[in-house]
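J.: There's a structure below that I have some questions on.
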Amino acid sequence: MNKAYIALGTNIEPRQQHLEKAIKLLVQKENIELISLSSIYETAPVGYTDQAHFLNMVLEIETSLYPEKLLDVCQAIETQLGRERTIRFGPRTIDLDILLYNDENRTSERLSLPHPRMGERGFVLIPLKEIAPNLIFPVTGKPITELVNDLPEQDKKDIHLWKKAE
Numbered sequence: 030m031n032k033a034y035i036a037l038g039t040n041i042e043p044r045q046q047h048l049e050k051a052i053k054l055l056v057q058k059e060n061i062e063l064i065s066l067s068s069i070y071e072t073a074p075v076g077y078t079d080q081a082h083f084l085n086m087v088l089e090i091e092t093s094l095y096p097e098k099l100l101d102v103c104q105a106i107e108t109q110l111g112r113e114r115t116i117r118f119g120p121r122t123i124d125l126d127i128l129l130y131n132d133e134n135r136t137s138e139r140l141s142l143p144h145p146r147m148g149e150r151g152f153v154l155i156p157l158k159e160i161a162p163n164l165i166f167p168v169t170g171k172p173i174t175e176l177v178n179d180l181p182e183q184d185k186k187d188i189h190l191w192k193k194a195e
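Basically my numbering = 1-based index in the sequence shown + 29.
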């Protein structure tokens, strides 16, 4: 089995229901097993800032799917939940990003592993640290905890625990 970490984000209401539906659809797949999930964090938007705050979380899964097939599943869930790609970094019902897949460090036409911006995004690193603090980021060789500690305070100030994992 392969280990992967997936980030979820939403800022169109009902935000919590979008997260719950995405998780349910993901784990309904027979070749995906949920190992752990972070708490939900409310975060200010990054990039395009004229939009509502996001709810973000990270899942750890095990899967027999290859990375591109896992990407297909994630994108199908986004489509099923009404995701529209109109504004880059804009509002969305749900976003599922594969952050890490085993220790792979590669780029294809459709997928970059690890996710290209995850090492500088507090809204991804903070929930990831909650469920995998000792995980090593393959690009730098540093543990996730260290990456979170190295984030500028400005990048951490708008990330707040919204709801504890159940």
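Quick reminder that beta carbons are idealized off the backbone N, C-alpha and C, glycines included.
For residue 54, which beta-bridge partners are listed by DSSP?
T.: Counting from 1 along the sequence shown, the entry for residue 54 is found at position 25. BP columns for residue 54 are empty, so no partner.
J.: Hey, out of 105, 44, 45 and 52, whose CA is closest to residue 34's CA?
T.: Stepping through the sequence shown from its first residue, residue 34 is reached at position 5. Answer by Cα proximity: 52.
J.: Could you tell me which uninterrupted beta strand (DSSP E) segments, each at least 3 residues in length, are contained entirely in the stretch 77-104, listed from first to last along the chain?
T.: The stretch 77-104 contains these whole beta strand (DSSP E) runs: 83-92.
J.: Just list the residues that DSSP pairs residue 65 with in beta bridges.
T.: Walking along the sequence shown from the start, residue 65 turns up at place 36. BP columns for residue 65 point to 89.
J.: Given that a residue counts as buried once 16 or more other Cβ atoms are within 10 Å of its Cβ, and exposed if not, what is residue 151?
T.: For the purposes of this step, residue 151 is taken as the residue at position 122 of the sequence shown. Buried: at least 16 other Cβ atoms inside 10 Å.
J.: Can you say whether residue 139 is buried or exposed, counting buried as having 16 or more other CB atoms within 10 angstroms of its CB?
T.: In the sequence shown, residue 139 corresponds to position 110, counting from 1. Exposed, because fewer than 16 other Cβ atoms sit within 10 Å of the Cβ of residue 139.
J.: Taking 9 Å as the cut-off, decide whether the C-beta atoms of residue 130 and residue 99 are in contact.
T.: Residue mapping note: residue 130 aligns to position 101 of the sequence shown, counting from 1. Residue mapping note: residue 99 aligns to position 70 of the sequence shown, counting from 1. It is a contact, given that the beta carbons lie within the stated cut-off.
J.: Report the option in 74, 67, 192 and 158 whose CA atom is closest to the CA atom of residue 179.
T.: Mapped onto the sequence shown, residue 179 falls at position 150. The residue with the shortest Cα to Cα distance from residue 179 is 158.
J.: Could you give the DSSP three-state label for residue 190: helix, strand or coil?
T.: Residue numbering aside, residue 190 sits at position 161 when the sequence shown is read from its first letter. Note: residue 190 maps to strand in three-state DSSP.
J.: Could you give the distance in angstroms between the alpha-carbon of residue 190 and the alpha-carbon of residue 136?
T.: As a first step, residue 190 must be located in the sequence shown, where it is residue number 161. As a first step, residue 136 must be located in the sequence shown, where it is residue number 107. Answer to the nearest angstrom: the Cα atoms are 32 Å apart.
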